[in-house]
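In my numbering, each number is its position in the sequence shown, counted from 1, plus 977.
A short write-up of the structure that comes next.
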Amino acid sequence: MLATTLTAVLAFAATNLDDILIVTLFFAQSPRRAPVVSGQFLGFAGLVALSLLGYLGSLALPREWVGLLGLAPVLLGLRAWLAKPEDPNASHSGLPHPATLQVAAVTMANGADNIGIYTPLFASSNTQQLALTIVVFFGMLGAWCWLGYRLSRQPAVALAIQRQGRWVVPLVLVSLGLIILLESGTLSWLASALGG
């Protein structure tokens, strides 16, 4: 049990270190916690479900197709960049309003590495270990949300996001999407598919 718990904590931390920045940005932009937290849990539940399907052999999507999820943060980042500051729907930080589905979409898009790690981890687990791993994952997600919220409420962090968020947030989202597209091999796959 202890080994399974430790493995789950390490797997979660390794695959979600980059997500803490995104969560912090969403919390800093939103006066309400509920859409951010529910979006995180919804998106993460989708990642766990896809990992379970992959584990069960029901999902045989090529890695390049999964990488297409990288388009979501690229599009959200471009939308934030192009939003007019005087637009009442645009936030002062440049990040789209963190509605639950937007947060879930970014969480899912940032989760290709989660699926790649969780699927073999699930495959090497018995039923009891699998259940414990999933419980630990969701407990860690709650801790991640709490940490992101606390970071976003630090005066220095909040001030930096307020001052620089108009360009930093879109840059982070576009960069995240491009990294996903590159690391998954999606860009080279698309180039070869379109070129020949």
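All C-beta atoms in this analysis are idealised placements derived from N, C-alpha and C, irrespective of residue type, glycine included.
Being a predicted model, the structure only gives us computed values, none of them experimental.
Local conformation of Gln1006 per DSSP, three classes: helix
N- and C-terminal bounds of the alpha helix (DSSP H) containing Leu1052: 1048-1059
Beta-carbon spacing of Gln1017, Val1112 below 8 angstroms: no
Candidates Thr984, Met978, Leu979, Phe1021: closest to Trp1121 by CA position: Phe1021
For Pro1097, the nearest candidate out of Trp1144, Gln1006, Leu1033 (CA to CA): Leu1033
Best match in Asn993, Ala991, Ala1005, Ala985 for proximity to Arg1127 [C-alpha to C-alpha]: Ala1005
First and last residue of the uninterrupted alpha helix (DSSP H) at Arg1130: No alpha helix (DSSP H) contains Arg1130, which DSSP labels as neither H nor E.
Cβ of Val1025 within 8 angstroms of any chain B Cβ: The chain inventory of the structure shown lacks chain B, comprising one protein chain alone.
Where Gly1031 falls: helix, strand or coil (DSSP): helix
Cut-off 6 angstroms between Cβ atoms - residues of its own chain near Thr992, not counting five sequence neighbours on either side: Asp1090, Asn1091, Ile1094
Helix, strand or coil at Leu1045 [DSSP, three-state]: helix
Contact under 8 angstroms by Cβ, Leu1150 with Ala1057: yes
Range covered by the alpha helix (DSSP H) that runs through Ala929: This structure cannot speak to residue 929, because the chain is shown only from 978 to 1173.
Terminal residues of the alpha helix (DSSP H) in which Ala1076 lies: Taken as a continuous stretch (DSSP letters only), Ala1076 belongs to no alpha helix (DSSP H), as it is neither H nor E.
Whole-angstrom distance between Ser1161 and Ala1011, CA atom to CA atom: 31 angstroms
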